[in-house]
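As you go down the protein sequences, you meet chains W and P in turn.
The numbering used here applies: residue 2 is where the first sequence begins, and numbers increase by one.
The numbering used here applies: residue 5 is where the second sequence begins, and numbers increase by one.
Even glycine gets a Cβ: it sits at the ideal position worked out from N, Cα and C.
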Amino acid sequence: GENVEQHPSTLSVQEGDSAVIKCTYSDSASNYFPWYKQELGKRPQLIIDIRSNVGEKKDQRIAVTLNKTAKHFSLHITETQPEDSAVYFCAASIMRGSNDYKLSFGAGTTVTVRA
Amino acid sequence: EPEVTQTPSHQVTQMGQEVILRCVPISNHLYFYWYRQILGQKVEFLVSFYNNEISEKSEIFDDQFSVERPDGSNFTLKIRSTKLEDSAMYFCAHYEAFFGQGTRLTVV
Numbered sequence: 002g003e004n005v006e007q008h009p010s011t012l013s014v015q016e017g018d019s020a021v022i023k024c025t026y027s028d029s030a031s032n033y034f035p036w037y038k039q040e041l042g043k044r045p046q047l048i049i050d051i052r053s054n055v056g057e058k059k060d061q062r063i064a065v066t067l068n069k070t071a072k073h074f075s076l077h078i079t080e081t082q083p084e085d086s087a088v089y090f091c092a093a094s095i096m097r098g099s100n101d102y103k104l105s106f107g108a109g110t111t112v113t114v115r116a
Numbered sequence: 005e006p007e008v009t010q011t012p013s014h015q016v017t018q019m020g021q022e023v024i025l026r027c028v029p030i031s032n033h034l035y036f037y038w039y040r041q042i043l044g045q046k047v048e049f050l051v052s053f054y055n056n057e058i059s060e061k062s063e064i065f066d067d068q069f070s071v072e073r074p075d076g077s078n079f080t081l082k083i084r085s086t087k088l089e090d091s092a093m094y095f096c097a098h099y100e101a102f103f104g105q106g107t108r109l110t111v112v
């Protein structure tokens, strides 16, 4: 099955600085890559995603890049704020049919933004 | 915005007991998933359900687990004889974005 590796496991940044989280995946058939933010005791919340036909996607302060050849993708958060502190998970999925989103998750990155 | 709702929010059970976790899906969404997250660890796929049948299950989803749709609309995840290592958050989900709020299962 799909194996998703995520680094780093913890990340501490000064408020206003950027944070970068990197993931690699094993199955070249994976074609959908979402990122989730999870606050303590809460559900995963989708924050951005990218499909394999796109190399980069941006939404305000967050962006995701995908390198299909190298099988890795990254999350970039710019101008970090204290409310960005959370656990972030990457995931990969092989979308085999319409609306089938079976997800394989990375191990998570605990991001702490220091004020 | 449509919501996936789960009950109970927290369940404490004795080891060896059966538990049933419930999920109210969003109507007309065909694919449905159960995931598990042990405290401090990653979210793990358990089983997917399509068109009222199990379409895929992980190695975690052994004979102790079952998933049903008893009334044709709501879903249940049953663990027949709970073990300490079943303690985790259990999430049901549609697609990539619609996660329920989770049930925290504590086995003592």
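Checklist entry - Could you check where the beta strand (DSSP E) with P/L25 kicks off and where it finishes? => result The residue labelled residue 25 of chain P in the question sits at position 21 within the second sequence. Where P/L25 is concerned, the enclosing beta strand (DSSP E) stretches over V23 to V28.
Checklist entry - What residues match up with P/S62 in a beta bridge as DSSP calls it? => result The residue given as residue 62 of chain P occupies position 58 in the second sequence. None, per the DSSP bridge assignment.
Next on the checklist: So the candidates are P/F95, P/E100 and P/Q105; which of them puts its Cα closest to the Cα of W/A93?
Outcome noted: The residue given as residue 93 of chain W occupies position 92 in the first sequence. Among P/F95, P/E100 and P/Q105, the Cα nearest to that of W/A93 belongs to P/E100.
Item to check | Own chain residues within Cβ distance below 6 Å of W/T79, not counting five before or after | outcome: As a working note, residue 79 of chain W is residue 78 in the first sequence. Contacts found: S19 and R62.
Item to check | Run of the beta strand (DSSP E) containing W/N68, from where it starts to where it stops | outcome: As a working mapping, residue 68 of chain W is identified with position 67 in the first sequence. Segment I63 to N68, the beta strand (DSSP E) holding W/N68.
Checklist entry - Considering only residues of the same chain and omitting the five flanking positions on each side of W/L104, which have a CB-CB separation below 6 Å? => result Translated into the one-based positions of the first sequence, residue 104 of chain W becomes position 103. Excluding residues within five positions, the ones whose Cβ falls inside 6 Å are A92 and S94.
Item to check | Where the beta strand (DSSP E) through W/V5 begins and ends | outcome: Reading the first sequence from its first residue, position 4 is the one you call residue 5 of chain W. Going by DSSP, W/V5 is part of the beta strand (DSSP E) stretching over V5 to H8.
Next on the checklist: Between the alpha carbons of W/K23 and W/G17, how many angstroms are there, rounded?
Outcome noted: Along the first sequence, one-based indexing puts residue 23 of chain W at 22. Along the first sequence, one-based indexing puts residue 17 of chain W at 16. Each residue's Cα considered, the two are about 20 Å apart.
Checklist entry - In terms of residues, what are the limits of the beta strand (DSSP E) holding P/Y94? => result Here residue 94 of chain P corresponds to residue number 90 of the second sequence, with the count starting at 1. Run containing P/Y94: A92 to H98, per the beta strand (DSSP E) assignment.
Item to check | Beta carbon of W/S86 nearer than 8 Å to that of W/V112 | outcome: As a first step, residue 86 of chain W is located in the first sequence; it is residue number 85 there, counting from the start. As a first step, residue 112 of chain W is located in the first sequence; it is residue number 111 there, counting from the start. Yes, they are a contact pair.
Next on the checklist: Measuring straight from C-alpha to C-alpha, what distance separates P/L43 and W/T70?
Outcome noted: As a first step, residue 43 of chain P must be located in the second sequence, where it is residue number 39. As a first step, residue 70 of chain W must be located in the first sequence, where it is residue number 69. For P/L43 and W/T70, the distance between alpha carbons rounds to 34 Å.
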